[in-house]
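In this note's numbering, the protein residues as written are 160 to 307.
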């Protein structure tokens, strides 16, 4: 069996963009050390989020909606692949609204007012992304436990 060619950092990042629609923040670091986990993750991601009984667009909107419901900035990033899969502003708004309502009904959920901020963030990211402006879904990590 022939051994696969090792991807470069640029190649694996491009591969992930094609398969996932973006390069997850953790893989922006991991891929600098070794590309294999990034390629493997991208293949796994594509197998779950690819078109099937549900379209890729719907799956990405579902994931984003879950991110709104649980106030997860790492999940609302899925607004980007939803857009590239054809999601409209109206669809993003409705999916974010479902997540916002879910936040008030799931046991231990953060509550509608808190999830509302994440719903707005999805729309903010969408607007900036479509204009080609710089956007951010998560502030840079701080390892000071808030003491500095």
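Glycine included, C-beta positions come from ideal geometry on N, C-alpha and C. Just so we're clear, the structure is a prediction, and the values are computed from it rather than from any experiment.
So residue i and residue j are in contact, right, with Cβ under 8 angstroms, and what is the actual spacing, rounded?
i	j	result
residue 216	residue 262	Rounded, the Cβ-Cβ distance is 22 angstroms, inconsistent with contact.
residue 265	residue 241	Actually they do not touch by this definition, with Cβ atoms about 21 angstroms apart.
residue 223	residue 281	6 angstroms
residue 232	residue 296	5 angstroms
residue 186	residue 208	Going by Cβ atoms, the distance from residue 186 to residue 208 rounds to 15 angstroms, so no, they are not a contact pair.
Report the residue from the options whose alpha carbon sits nearest the alpha carbon of residue i.
i	options	result
residue 218	302, 259, 254 and 167	254
residue 172	163, 165, 190 and 224	190
residue 179	204, 287, 277 and 235	204
residue 288	174, 175 and 181	181
residue 268	279, 248, 226 and 292	226
residue 239	284, 174 and 256	284
residue 259	247, 251, 248 and 278	278
residue 165	185, 212, 195 and 252	195
residue 170	211, 298, 294 and 198	198
residue 275	256, 292, 235 and 213	256
residue 193	184, 183 and 167	167
residue 202	175, 286, 246 and 212	175
residue 298	236, 252, 290 and 213	236
residue 271	184, 249, 290 and 230	230
Could you pull the start and end residues of the alpha helix (DSSP H) that residue i belongs to?
i	result
residue 166	Here residue 166 belongs to no alpha helix (DSSP H), and DSSP marks it neither H nor E.
residue 186	184-192
Is residue i a contact residue of the ligand SAM, with contact defined as CB to any heavy atom under 6 angstroms?
i	result
residue 239	As for the ligand SAM, it is missing from this structure, which has no ligand bound.
For a test of the three-state rule: what should DSSP assign to residue i, helix, strand or coil?
i	result
residue 302	coil
residue 295	coil
Note to self: Restricting to runs no shorter than 3 residues, where is the beta strand (DSSP E) found entirely within the segment 195-282?
What the structure shows: none
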